[in-house]
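Per this note's numbering, residue 101 is the first one in the sequence shown, and the count goes up by one each step.
These notes concern the structure reproduced below.
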Amino acid sequence: MLWVKTLHLLFVIAWFAGLFYLPRIYVNLAQTNDAGAYDCLAGMARRLYRFMTPLGILAVVFGLWLYLGYGIGLGSGWMHAKLLLVIALAAYHLICRRMLVSFERHANKRGHRYYRWFNEVPVILLLIVLVLVVVKPF
């Protein structure tokens with residue numbers, strides 16, 4: 101079980117690195133007027149998204165292994181809340197994909213301030229998940 105938990109944590113950390121950085125690239129994409137810089141940033145965003153997607157999938161797979169295979173948190177309120185937040189994070193990940201497509205098509209309509217706020221969402225969700233897992237308030 102400890103190996104599964106270790107792999108779950110590894111993939112969660114790696115996935116969150118991408119969830120934290122990708123919207124920062126969007127901030128820069130929304131600000132730049134230089135076509136060369138735009139293409140470079142869009143390429144970086146595309147490669148990062150492709151890299152972080154399997155990491156997110158593996159984080160969820162190993163988390164479900166802990167939950168279903170070892171019964172960690174089974175029937176606990178804190179785990180149900182955590183699972184809802186994981187669904188929210190997966191939705192955030194998919195929204196990032198939709199934004200990436202918008203940037204690739206040069207169809208973005210939002211300014212850099214929007215993406216600065218959007219960038220804070222995974223930080224808040226991670227904080228709540230950490231409190232749920234460590235404190236187990238329910």
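Heads up, the beta-carbon is just placed ideally off N, CA and C, and yes, glycines get one too.
None of these values were measured; they are calculated from a predicted model.
| field | Among I187, Q131, L119 and R124, the one whose alpha carbon lies nearest that of L164 | value | I187
| request: Could you check how far apart the C-beta atoms of F238 and G173 are, in whole angstroms? I think they sit under 8 Å. | output: No, F238 and G173 are not in contact; Cβ-Cβ is about 10 Å, not under 8 Å.
| request: Note down, one range per segment and in chain order, each alpha helix (DSSP H) of at least 4 residues found wholly within the segment 114-196. | output: 135-164
| message | Using the three-state DSSP reduction, which class does M101 fall into: helix, strand or coil? | response | coil
| said: Assuming N219 and R147 are in contact, meaning their beta carbons sit under 8 Å apart, how far apart are those beta carbons, in whole angstroms? | reply: No, N219 and R147 are not in contact; Cβ-Cβ is about 19 Å, not under 8 Å.
| Do you know offhand how far M179's Cα is from G171's? | 11 Å
| query | Rounded C-beta distance between V127 and R216? I'm assuming under 8 Å. | reply | 6 Å
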